[in-house]
Amino acid sequence: MRVAILYNLPAGDRPDEADTLVQVRAVRQALFAMDHMPIGVAFSLDLDDARGTLAAMRPNCVFNLVEDVGGSSRLAHLAPALLEHMGMPFTGCGSESMLLSTSKLACKRVLTAAGIPTPPWSEGLPEETSFVPGRYILKSVYEHASLGLDETSVVQASSPADLAKPLARRRERFGGRWFAEGFVDGREFNIAVIDGPNGPEVLPHAEIVFRGFSKERLRIVGYRAKWDEDSFEYENTQRRFDFPDKDAQILAQLSQSALGCWRAFGLTGYARVDFRVAEDGTPWIIDVNANPCLSPDAGFAAAAGRAGMDFTALVSRVLEIGAANTRNGRPAQTSTGCASA
């Protein structure tokens with residue numbers, strides 16, 4: 002099968018941006034191992050260029066690894082939108098679910114409408130009459146990869162006014178739009194979900210364990226924990242998949258909520274739902290990730306590995322589901338004659 006690997010060129014030299022190319026190389030190698038014909042196609046704000054390249058290539062399927070466009074995650078939905086417009090089969094989530102999940106505020110509104118628990122939030126605006134006092138964590142609305150998350154991100158607030166200045170400082174430092182989310186001081190779980198012939202399948206549950214963290218140190222997966230290999234946080238935030246029997250009920254709740262997200266957002270292909278579980282056992286969704294990172298050392302691949310899928314098998318599964326998806330007009334033609342056309 003001729004497979005176009007659609008990806009964005011890194012806008013800078015941050016490690017989270019460079020990780021896109023790690024995914025591209027790994028997916029290309031896996032596709033080669035399966036005797037496919039992978040061809041990289043860079044995606045940018047020049048949609049006509051991408052459209053012309055893809056039209057001339059006539060791939061059987063597009064493996065979509067676009068995480069941002071023009072340096073902004075806010076525009077990541079443009080890639081699946083173009084592919085839908087062209088009627089090309091592609092991997093992962095469609096443009097609507099990408100759009101809804103990329104904006105953390107839109108994500109929260111979808112979750113609330115679906116009756117799925119998510120922490121309260123605020124933009125620090127005076128007209129917020131339903132504000133809930135407490136501790137809040139400051140987050141970018143559109144950027145992922147824990148951008149700007151560190152030990153200064155959690156603040157105490159008794160009114161929206163208490164959040165206005167901290168949010169303004171974040172906007173000034175990092176750019177973009179920011180909001181505050183009610184901070185859940187508890188356990189953190191990542192639940193990976195992958196599409197299959199019989200519908201979505203929840204992969205083995207993963208919990209982030211904060212080893213050696215003092216009471217004064219925030220237990221969050223911040224930017225250093227993900228990307229700074231020399232940091233304490235990177236060394237001591239570890240993933241585990243084995244749980245005692247007493248966790249059976251909470252794990253079942255996490256699966257149920259993750260599948261509820263899948264339906265509420267219309268997710269397809271593969272996704273990851275991030276939770277914080279409060280001391281009273283309530284699971285709160287803090288993020289819905291359409292098309293999460295597929296680097297071999299990332300959480301999704303690790304969960305797939307625990308389910309018995311090595312990286313090549315994972316890429317094969319994602320490709321197979323994408324190629325068969327007729328949401329955008331036609332399934333892929335996988336015969337030898339078509340692949341060599």
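Take 2 as the starting number for the sequence shown in this note's numbering and just add one per residue. Yeah, the Cβ is synthetic: ideal placement off N, Cα and C, and Gly gets one too. None of the values given here were measured: they were computed from a predicted structure.
DSSP has Ile221 in a bridge; who is on the other side?
BP columns for Ile221 are empty, so no partner.
Enclosing alpha helix (DSSP H) for Pro81 [first to last residue]
79-87
Could you tell me if Ala342 is buried or exposed, where buried requires 16 or more neighbouring beta carbons within 10 angstroms of its beta carbon?
Only weak support exists for where Ala342 lies, its pLDDT of 28 falling under 50; the value from the coordinates is given anyway. Ala342 comes out exposed.
For the pair the stretch 151-160 and the stretch 126-138, tell me if three or more CB-CB distances fall below 8 Å.
yes
On a Cα-Cα basis, can you pick out the residue from Asp47, Asp288, Glu236, Asp275 that is closest to Phe211?
Glu236
Could you have a look at Pro364 and say whether DSSP puts it in helix, strand or coil?
The question about residue 364 has no answer here: the residues shown for the chain are numbered 2 through 342.
Tell me which residues share the same chain as Gln254 and place their Cβ nearer than 6 Å to its Cβ, disregarding the 5 neighbours each side in the sequence.
Pro284
With a threshold of 8 Å, are at least 3 pairs of Cβ atoms found where one atom belongs to the stretch 269-289 and the other to the stretch 88-96?
yes
Pick out whichever of Arg240, Val111, Met35 has its Cα sitting closest to the Cα of Ala299.
Arg240
In terms of alpha-carbon separation, which member of Ile209, Ala181, Leu204, Glu202 lies closest to Arg188?
Ile209
Could you tell me which residues DSSP puts in a beta bridge with Asp275?
Asn191, Asp288
Supposed close pair Cys294, Gln24 - CB separation, criterion 8 Å
7 Å
Residues in the same chain with beta-carbon distance under 7 Å from Thr103, minus the five sequence neighbours each way, listed in chain order, please.
Ser74, Arg75, Ala77, His78, Tyr143
Give the range of the alpha helix (DSSP H) segment to which Gly53 is assigned.
48-58
The beta strand (DSSP E) with Ile138 in it runs from where to where?
135-141
Please list the segments of the beta strand (DSSP E) lying wholly inside the stretch 138-183, counting only runs of 3 or more residues, in order along the chain.
155-158, 179-183
Using three-state DSSP, classify Thr335 as helix, strand or coil.
The pLDDT assigned to Thr335 is 42, lower than 50, so where the model puts this residue is not dependable, and the model offers no usable value.
By the 10 Å Cβ neighbour count, where 16 or more other Cβ atoms means buried, how is Glu234 classified, buried or exposed?
buried
Tell me whether Asp47, by its Cβ, gets closer than 7 Å to a heavy atom of the ligand NAP.
The ligand NAP is absent from the structure shown, which contains no ligand whatsoever.
Among the residues of its own chain, which have a CB less than 6 Å from the CB of Cys262, if the five just before and after it don't count?
Val274, Val289
Contact set for Asp196: own chain, Cβ-Cβ below 7 Å, skip 5 residues either direction
Thr269, Gly270, Tyr271, Ile322
Could you give the C-beta distance for Ala5 and Leu83, rounded to a whole number, given that I count them as a contact under 8 Å?
Not a contact, Cβ separation roughly 12 Å.
Please classify Thr313: does DSSP put it in a helix, a strand, or coil?
helix
Going by the beta-carbon positions, is the gap between Leu252 and Phe242 smaller than 8 Å?
no
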